[in-house]
Amino acid sequence: MLFGSSGIRRRYDDTLIGLALQVGKAVGAKASRVVIGRDTRTTGPLISAAFRAGALAAGARIYDGGIAPTPSVAYGGRNTDAACMVTASHNPEPYNGLKLFNPDGSSFSAIQQKEIEETLVDIPWGDWKHQGISIPSYPAEEHSTAIASKIQIKEGLKVLVDCGNGAGSVITPRMLSRMGARTLAVNANVAGNFSRPSEPLPEHLPYIPSLIKKSGSACAVIHDGDADRMMAFDNNGNFIPGDTLLILFAKYLGAKQVVTTYDASMAIEEVAEVRRTPVGDAFVSEQLVRWGDFGGEPSGAWIFPQISRCPDGPYAAALFCEMAGEWDLPSEIASIPTYPILRTSLELENAHDLLYALGAVNPTDGIRIEEEDGWCLIRASGTEPKIRFTAEGKSLDIAKGLLVKGEDMVRIIRKEVKQ
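Read in order, the letters of the sequence shown are residues 1 to 419 in full-length UniProt numbering.
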């Protein structure tokens with residue numbers, strides 16, 4: 001299968017270049033106008049060039065946005081036929097890939113992805129009279145302007161921004177400053193090397209609490225490699241878990257209907273009506289077409305349908321800074337219901353096979369153990385060779401017990417598969 005839960009993503013090698021060329025040709029044959037952008041990875045220019053070459057050969061008009069966040073590229077595609085982002089998101093630097101979007105910011109559907117896969121080698125190269133053209137585009141500027149028109153940050157609010165040397169470097173620090181914040185930016189260059197592991201987890205950000213305290217910042221906002229994610233710290237230097245952020249956004253927006261994933265805390269159900277989807281922002285986005293005011297998942301992907309159906313890290317960063325200027329964040333966080341939630345993972349090359357053996361219909365959707373006072377989700381990662389475990393209980397002992405139950409199930413099935 002070519003497409004995973006977040007587009008095409010794999011370790012960089014020469015096959016990825018050829019694949020980008022063929023996908024570009026297939027997309028260009030269906031979409032006459034295509035916006036493209038890339039994150040800061042050193043392999044981005046080559047893969048972007050390959051995709052553009054394929055699309056141009058199919059006769060498409062290419063709007064080249066250069067380095068830009070995924071949500072900016074998706075937003076830039078609103079008046080075209082499709083958008084392509086060259087990125088591997090939060091994966092390590094040796095990875096890269098392609099994400100494809102519709103004009104409304106939604107990811108290509110399973111049907112659209114299948115159509116691309118089926119036509120990869122069947123589309124002829126156009127002759128010299130039917131080649132496309134490529135022109136510069138500025139999706140990050142367009143996106144920044146749109147965000148600033150919808151959000152108001154308290155004038156002079158001190159905020160810390162960590163872009164991880166990813167694509168968020170070209171939009172979030174400058175945007176927040178233009179909106180009136182006093183912005184301290186770290187890891188905000190586009191040289192092509194990540195300054196920390198890209199995924200915005202607390203263990204990757206040990207320096208943030210001291211920077212908040214030294215600078216007197218009201219909050220910190222953190223991006224991954226392509227800035228489709230945003231995580232945050234409060235003014236005391238405390239990392240805010242994704243499940244808590246989900247509830248904060250829902251309360252601040254006054255959202256009555258929230259779409260989230262099966263691995264999100266049950267606490268969200270105490271503040272809004274909730275519908276759940278398999279893990280993956282594309283599933284959340286798809287559900288938001290039919291129902292919901294706001295959507296997100298604990299990994300840091302937040303979707304605001306009023307601007308786009310793509311997870312939007314810069315929009316989330318600006319909205320969180322607005323919130324930090326109006327609310328006493330520590331007090332607000334303390335009022336949110338929380339239950340112990342544990343997340344672990346196991347590196348495993350045959351993760352999908354083991355999930356099938358456990359009875360999963362779809363390995364990346366996984367299986368969920370439901371009990372009266374908690375649950376455990378076991379699923380294969382859609383982007384890495386891993387099995388992910390998430391367990392939540394009304395007490396820590398219940399959560400630990402459910403996590404052990406899930407890990408035991410995988411250990412037993414591994415033995416059976418090896419026999």
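Backbone N, C-alpha and C define an ideal beta-carbon position, used for all residues, glycine too.
Being a predicted model, the structure only gives us computed values, none of them experimental.
Which residues share a DSSP beta bridge with residue i?
i: G393; result: G374
i: S107; result: F101
i: G4; result: G7
i: M175; result: None; M175 has no bridge partner.
i: W302; result: G296
i: M85; result: G37 and K99
i: I369; result: C376
i: D162; result: V186 and I222
i: L403; result: Paired residues: none, contrary to the question.
i: K386; result: E347
i: T153; result: The amino acid at residue 153 is misidentified as Thr; the sequence shows Ile. Per DSSP, none; premise fails for I153.
i: L342; result: A391
Going by DSSP, what residue range makes up the alpha helix (DSSP H) through residue i?
i: Q22; result: D14 to K30
i: S134; result: Where S134 is concerned, there is no enclosing alpha helix (DSSP H), although the beta strand (DSSP E) it sits in stretches over I133 to P136.
i: A317; result: G313 to E326
i: L211; result: I208 to S215
i: T145; result: P139 to A148
i: F283; result: D281 to R290
i: residue 424; result: Given a span of 1 to 419 for the chain in the structure shown, any question on residue 424 remains unanswerable.
i: T70; result: T70 to G76
Using a Cβ-Cβ cut-off of 7 angstroms (strictly less than) and excluding sequence neighbours within five positions of residue i, which residues of its own chain qualify?
i: A68; result: G37, P139, A140, A167 and V170
i: R9; result: A88, N91, Y95, G97 and T383
i: S395; result: P340
i: R414; result: L354
i: L246; result: T260, A264, I268, G296 and P298
i: A146; result: Y75 and I307
i: S195; result: G164, N165 and N187
i: N189; result: N165 and S169
i: I123; result: K25, A26, A29 and A58
i: D226; result: D39, P69, T70, M85, T87, S89, G166 and A167
i: L288; result: V259, G295, I303, P305 and R309
Within 10 angstroms of its Cβ, does residue i collect 16 or more other Cβ (buried), or is it exposed?
i: P385; result: exposed
i: A334; result: exposed
i: E270; result: exposed
i: D14; result: exposed
i: H352; result: buried
i: T80; result: buried
i: T42; result: exposed
i: E203; result: exposed
i: G300; result: buried
i: Y12; result: buried
i: R411; result: exposed
i: K99; result: buried
i: Q113; result: buried
i: W291; result: exposed
i: A110; result: exposed
i: I398; result: buried
i: P206; result: exposed
i: A272; result: buried
Can you give me the Cβ contacts of residue i inside the same chain, cut-off strictly under 8 angstroms, excluding the 5 residues immediately before and after it?
i: Q419; result: Bear in mind that a pLDDT of 41 at Q419, under 50, signals an unreliable position, so the number given afterwards is only what the model happens to contain. Same-chain partners within the cutoff: there are none.
i: L403; result: L342, T344, C376, F389 and A391
i: V121; result: Q22
i: L157; result: G180, A181, R182, A218, C321, A324 and G325
i: V73; result: V35, I36, G37, G65, A83, C84, M85, F101 and P139
i: I135; result: R61, I62, Y63 and D64
i: P330; result: D234, N235, N236 and N238
Starting from residue i, trace the beta strand (DSSP E) in both directions and tell me its first and last residue.
i: D64; result: R61 to I67
i: H223; result: C219 to H223
i: G126; result: Run containing G126: none; DSSP gives neither H nor E here.
i: A334; result: No beta strand (DSSP E) holds A334; the alpha helix (DSSP H) holding it covers L329 to A334.
i: E273; result: E273 to T277
Taking 7 angstroms as the cut-off, is the CB of residue i close to at least one heavy atom of the ligand FMN?
i: G66; result: Inclusion of the ligand FMN in the displayed structure is not the case, the ligand content being empty and no account of it being possible.
Excluding the 5 residues flanking residue i on each side, which residues of the same chain have their C-beta closer than 6 angstroms to its C-beta?
i: D104; result: R309
i: K150; result: none
i: S5; result: G280, T364 and G382
i: L358; result: I367 and I413
i: E286; result: none
i: T50; result: The question names Thr, but residue 50 is Ala in the sequence shown. Correct list, in chain order: I17, A20 and L21.
i: I208; result: A220 and F233
Point to revise | Unbroken stretches of the alpha helix (DSSP H), 4 residues or longer, contained in the stretch 228 to 261 | key: Residue ranges of uninterrupted alpha helix (DSSP H) with 4 or more members, entirely inside the stretch 228 to 261 and ordered along the chain, are 242 to 253.
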